[in-house]
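K.L.:
The structure is given below, and queries will be raised subsequently.
Residue numbers (our numbering), protein chains in the order written: chain A, 143 to 409; chain B, 848 to 1097; chain C, 123 to 712.
Here it is as structure tokens:
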């Protein structure tokens, strides 16, 4: 039985590694300017974690094979180096590995969170609420009008609670149910929640941020590839969480301008 | 013995007579109730407000249903002749309690089709059973939001595709209970819960309230954007009363 | 360290009457079995819920026969609604984390064996101990009762994030009374476990037999001791958090709800609260909680392995040091659940470092286990197979932690099935394997009969292979961007549905295999082969008393301890390769 355990374990370990090595399921290709560092971090971690996983399972399997079914009076052996070797291995191998990952990982994190958006980044506001995302573009005046939560009325499609009659800045605001951005243009995404915790995640853009009721948060990113992508909510927000999504279109500048004009006409 | 048998027969005959009289009176009432009608049209005076299009892009199934007929808000639906659809008319004053407590027959149906509520406004009586069905292949969630002060209890239930109908009723008058689908935020409708006979305007703005006994009443018209308007009307047996309403565009 | 074995401790008379013997028992062994029974009911309930969830995830509009009997609103026409999926999920997770993973390895085995292994006749406060079980039982009943509410139990997950969990039923079905009952159940559970810790700690520190120094305690006793200390501090934070949540529901407070929230077009009557406050309070408890779930298992696996390897681990002190380090660090890492939560991004780095560093003691423990196998005389039986399986599963689940510990990688993997795979491997599999190892090992002592070895091995194989088939694919799903807590998959996740169907089939088969274990438990309890006093030739004190032990454990005698529990692979006069802890015999020089 010990030998069966050893063989099974090795087969399981190899079997687990195959989909990774064969790249069967992986994150969607990165279309952001900051994502390459994250992807590199991910690959390195995969190699280190993968090797640790395989090594541990293999050695476990081999030792079970070697040291079971021994005669009752067989001499008890000692692993060379004993516990000291293990402690050293733990600190030196694993310790340096994880610290390296941690220290180098700060670069990727910093590029997302510790760098401010460029001065000419295009502002787009996104509001999350049960169970949809709505977006607001500032319009020709470049300004977002104030929000009045007490005016929110979904029956009239006033999702943001704008007072377009009295607030000058709101008059040209463009509210949309899908998000579009011009390619290679930095976007400053202003996030707030209408009601509960939600989250904004676009796998290809390598950005992921929770909406926190009561907090105005922001992210910035630049999309580098034209296409249609999905924005999904990843923070459990109620029964419609599974269907809370919006589509993100990365357009050429011309197509983006056409899209914005079309949306403005629908206001 | 003979005397007793005579007394018993008298009692039985008297009882029978009373029963017959009662039946006669009640049938007179019923037939009287079946007689009266109030008809009319509800119009909008002024330019109809622009009904914004609905972007359903978060659910590709909904988008597909409207490939050839884009969806619009239905808060104010006006025909080419100025008729207002989805206005509910009911009798707010003057009905005897026996009539106002009568529950209309039938089960009004509220359908979810193409990710829109059909009809947009559903009128019903207190305690009248209504049916919520789904004709869509995407899951909907029906969430009526009554005013807690009326005593009506809110509920919130989902209907996956193919789910059986939901049979519900309301126990108190309320004009009107907003209904929304939480999954599809643009889906919006109303349940209008009234007492006594009622009617809803069709696409031309015309309505009929049947089963009104002769008498003088106040008819109220309710439209979700423009609120209510009242009119006094007198119903006589054999001649439908007329009550036309005009709401002023904002 | 002093020992109080000579104190005239609370010598209680043997219990009489059915109620005192089996229901409101003061005997730590009965309490341990009661906890085990509660854990058993909970795990099968939680497993049934997971089957319903998995069926729905594989086939979303599947009409599951009879489901409408469980909930007519949750399953119209036997098709699960989105809210009912979330409600089942919330209950599955809450039941498993609290009523299985905290109860079985810690409260069940700990209650039964801790006093015996230190040489005591019971815990110091038997009445409080009895209360700890019954309070936990009440907590379970309160939680289960939420199933029977009109709009069902809470749907906000076992993490119950505010404001969803704080604003009431306006946010969804089950969020009214269902959520209040959830929070109440957890608050009551905390009380039960605090009462338990109040017994475990003084038992370990003060009731040790003569000669049982701290350095001679079996490793699983250290596991329970460290876990009790964590439980005392962690549950002490969850309980007030739950009370504040309940107040937000019933007393109009706004601890967790800020102003200007609009739900269903209605402005919510709250102001001044903080959404993130709930997350800080919850995870300050939540992270130590997951170590509360695994540390007893580490102790049990160490103990079971040592007896089955016929040699001590490479170092006793290092293992204890690592368990202490893990417990200590567990309080500093909780923010790794909140990297993208909106808290100051700088704190993400602060939490990330201890999270990465906690890998070190965890790795050292695994290396010592594996290294101790070298040169051993490994015996293969159901208990040792599950102990070995624990090591394999703990490594598998632990390495995915490398990824999640780094904030930049968490950007890609947060809230995906990668996280779900990680915690299921370490908790649902490794910790459960610890419970199985403990069960197969200690069943003979608890009930005086052996479990059926053949059935045990079949159980092991089906569970070991099955668990990998279920949970390894979760990592692939996560890498591909499959978001968690979704009741149905569409858009870019749609092509992943076949993987879900494979997982569902694996889950149904693996789950069915657990009935072999249940049958084995019940059948062996009544008709198993009668067990000798020390079937595993194990050195610790529980194997010096009859199977099952009498009400006062040692039959009135006071054991005297001469050795640490790991005198294995030694040469003795009698020819045995081990020396019991209470035997004055010493090993012959090699």
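Cβ coordinates follow ideal geometry from the N, Cα and C atoms, glycine included.
Output needed for residue 290/C: all residues of its chain with C-beta closer than 7 Å, excluding positions within five of it in sequence on either side, in chain order.
P.N.:
If you number the third chain from 1, residue 290/C lands on position 168. Same-chain partners within the cutoff: 297, 298, 371.
K.L.:
Looking at the C-beta of residue 215/A, does it have a partner C-beta in chain C at a distance below 9 Å?
P.N.:
Sequence index remark: in the first chain, residue 215/A carries index 73 (1-based). Closer than 9 Å to some Cβ of chain C, the Cβ of residue 215/A qualifies, so yes.
K.L.:
Is there a C-beta anywhere in chain B that falls below 9 Å from the one on residue 387/A?
P.N.:
Counting from 1 along the first chain, the entry for residue 387/A is found at position 245. So yes, residue 387/A belongs to the interface.
K.L.:
Compare the C-alpha of residue 659/C against each of 625/C, 711/C, 622/C, 567/C and name the closest.
P.N.:
By 1-based counting over the third chain, the position of residue 659/C is 537. It is 567/C whose Cα lies nearest to the Cα of residue 659/C.
K.L.:
Determine, for residue 377/A, whether the minimum Cβ-Cβ distance to residues of chain B falls below 9 Å.
P.N.:
Within the first chain, residue 377/A is the residue found at index 235, counting from 1. Output row for residue 377/A: interface = no.
K.L.:
Determine which residues of the region 1040-1061 of chain B have a Cβ less than 7 Å from any Cβ of chain A, and write them out in chain order.
P.N.:
Taking 7 Å as the Cβ-Cβ cut-off against chain A, none of the residues of the region 1040-1061 of chain B qualify.
K.L.:
Pull up the CB-CB distance for residue 1067/B and residue 936/B, whole angstroms please, since I reckon it's below 8 Å.
P.N.:
Counted from its first residue, the second chain places residue 1067/B at position 220. Counted from its first residue, the second chain places residue 936/B at position 89. Confirmed, about 7 Å.
K.L.:
Scan the region 196-265 of chain A and note each continuous alpha helix (DSSP H) run of 4 residues or more that stays entirely inside, going in chain order.
P.N.:
Counting whole runs of 4 or more residues, the region 196-265 of chain A contains the alpha helix (DSSP H) stretches 224-231, 238-255.
K.L.:
Listed in chain order, which residues of the region 203-225 of chain C have Cβ atoms closer than 9 Å to some Cβ of chain B?
P.N.:
Hits within the stretch, in order: 203, 204, 205, 206.
K.L.:
On a Cα-Cα basis, can you pick out the residue from 361/A, 385/A, 369/A, 401/A that is closest to residue 464/C?
P.N.:
Reading the third chain from its first residue, position 342 is the one you call residue 464/C. Nearest C-alpha to residue 464/C: 361/A.
K.L.:
Going by DSSP, what residue range makes up the alpha helix (DSSP H) through residue 364/C?
P.N.:
One-based indexing of the third chain puts residue 364/C at position 242. Looking at the DSSP string, the run of the alpha helix (DSSP H) that includes residue 364/C is 341-372.
K.L.:
How about the region 387-397 of chain A and the region 208-217 of chain C: do they share at least three Cβ pairs that are nearer than 8 Å?
P.N.:
With a cut-off of 8 Å, the region 208-217 of chain C and the region 387-397 of chain A do not count as touching, because too few Cβ pairs lie within range.
K.L.:
Excluding the five sequence neighbours on either side, which residues of its own chain have a C-beta within less than 6 Å of the C-beta of residue 271/C, listed in chain order?
P.N.:
Here residue 271/C corresponds to residue number 149 of the third chain, with the count starting at 1. The residues are 299, 300.
K.L.:
Going along the chain, which residues of its own chain have a beta-carbon closer than 6 Å to the beta-carbon of residue 524/C, five neighbours each way excluded?
P.N.:
Residue 524/C sits at position 402 when you count from the first residue of the third chain. For residue 524/C, where only same-chain residues beyond five positions count, there are no Cβ hits under 6 Å.
K.L.:
Among the residues of its own chain, which have a CB less than 8 Å from the CB of residue 303/C, if the five just before and after it don't count?
P.N.:
As a first step, residue 303/C must be located in the third chain, where it is residue number 181. Result list for residue 303/C: 264, 265, 267, 268, 271, 275, 276, in chain order.
K.L.:
In chain B, which residues lie with their C-beta within 8 Å of the C-beta of residue 382/A?
P.N.:
For the purposes of this step, residue 382/A is taken as residue 240 along the first chain, with counting starting at 1. Correct list: 988, 1029, 1030.
K.L.:
Determine, for residue 994/B, whether the minimum Cβ-Cβ distance to residues of chain A falls below 9 Å.
P.N.:
Taking the second chain and counting its residues from 1, one reaches residue 994/B at position 147. No, its Cβ sits nowhere closer than 9 Å to a Cβ of chain A.
K.L.:
If you measure from the beta carbon of residue 999/B to each beta carbon in chain C, is any gap under 9 Å?
P.N.:
Translated into the one-based positions of the second chain, residue 999/B becomes position 152. No, no contact with chain C.
K.L.:
Can you tell which of 1022/B, 1095/B, 1051/B has the C-alpha that lies nearest to the C-alpha of residue 1069/B?
P.N.:
On the second chain, residue 1069/B is found 222 positions in, with the first residue counted as 1. Nearest of 1022/B, 1095/B, 1051/B to residue 1069/B, Cα basis: 1022/B.
K.L.:
Name the chain B residues that come within less than 9 Å of residue 289/C, Cβ to Cβ?
P.N.:
Here residue 289/C corresponds to residue number 167 of the third chain, with the count starting at 1. In chain order: nothing, as chain B lies at least about 14 Å away.
K.L.:
If you measure from the beta carbon of residue 832/B to each beta carbon in chain C, is any gap under 9 Å?
P.N.:
A question about residue 832/B goes unanswered here, because the residues of chain B that appear run from 848 up to 1097.
K.L.:
Check whether the region 201-211 of chain A touches the region 478-496 of chain C, taking contact to mean three or more Cβ pairs, one atom from each stretch, closer than 8 Å.
P.N.:
Verdict: yes, contact present.
K.L.:
For residue 635/C, list the residues DSSP reports as bridge partners.
P.N.:
Sequence index remark: in the third chain, residue 635/C carries index 513 (1-based). Its beta-bridge partners do not exist; DSSP assigns none.
K.L.:
Quick one, which residues of the region 161-184 of chain C are near chain B if we go by CB-CB under 9 Å, in chain order?
P.N.:
Taking 9 Å as the Cβ-Cβ cut-off against chain B, the residues of the region 161-184 of chain C that qualify are 182, 183.
K.L.:
Closer than 7 Å by beta-carbon distance: list the chain B residues that pair up with residue 319/A, in chain order.
P.N.:
As a first step, residue 319/A must be located in the first chain, where it is residue number 177. What residue 319/A touches in chain B: 902, 904, 905.
K.L.:
Classify residue 523/C as helix, strand or coil using the three-state DSSP reduction.
P.N.:
By 1-based counting over the third chain, the position of residue 523/C is 401. DSSP places residue 523/C in helix when its eight states are reduced to three.
K.L.:
So, helix, strand or coil for residue 136/A, using DSSP?
P.N.:
Chain A is shown only over 143 to 409; residue 136/A falls outside these bounds and no answer can be derived.
K.L.:
So for residue 239/C, helix, strand or coil by DSSP?
P.N.:
Taking the first residue of the third chain as 1, we reach residue 239/C at position 117. Three-state result, residue 239/C: helix.
K.L.:
Find the residues of chain B that neighbour residue 272/A, judging by a C-beta separation of less than 7 Å, and give them in chain order.
P.N.:
Sequence index remark: in the first chain, residue 272/A carries index 130 (1-based). Correct list: 1029.
K.L.:
Only counting the same chain, and skipping five residues up and downstream in sequence, which positions put a Cβ closer than 6 Å to that of residue 483/C?
P.N.:
In the third chain, the residue the question calls residue 483/C occupies position 361. Around residue 483/C: 444, 447, 448.
K.L.:
Please list, in chain order, the residues of the region 296-317 of chain A that have any C-beta partner in chain B closer than 9 Å.
P.N.:
Those would be 296, 297, 298, 299, 301, in chain order.
K.L.:
Whose CA, out of 369/A, 340/A, 371/A, lies closest to the CA of residue 278/C?
P.N.:
By one-based count along the third chain, residue 278/C stands at place 156. Minimum Cα distance to residue 278/C is reached at 340/A.
K.L.:
Per DSSP, what kind of secondary structure is residue 972/B in: helix, strand or coil?
P.N.:
As a first step, residue 972/B must be located in the second chain, where it is residue number 125. Of the three classes helix, strand and coil, the one that applies to residue 972/B here is strand, per DSSP.
K.L.:
For residue 273/C, which residues in the same chain have their Cβ closer than 6 Å to its Cβ, ignoring the five residues on either side in sequence?
P.N.:
Against the third chain, residue 273/C aligns to sequence position 151. Once the five neighbours on either side are set aside, the close Cβ partners of residue 273/C are 295, 296.
K.L.:
If we cut at 9 Å on Cβ distances, does residue 291/A have a partner in chain C?
P.N.:
On the first chain, residue 291/A is found 149 positions in, with the first residue counted as 1. Closer than 9 Å: yes.
K.L.:
From 301/A, 295/A, 358/A, pick the residue whose C-alpha is nearest to that of residue 276/A; which is it?
P.N.:
Stepping through the first chain from its first residue, residue 276/A is reached at position 134. Among 301/A, 295/A, 358/A, the Cα nearest to that of residue 276/A is on 301/A.
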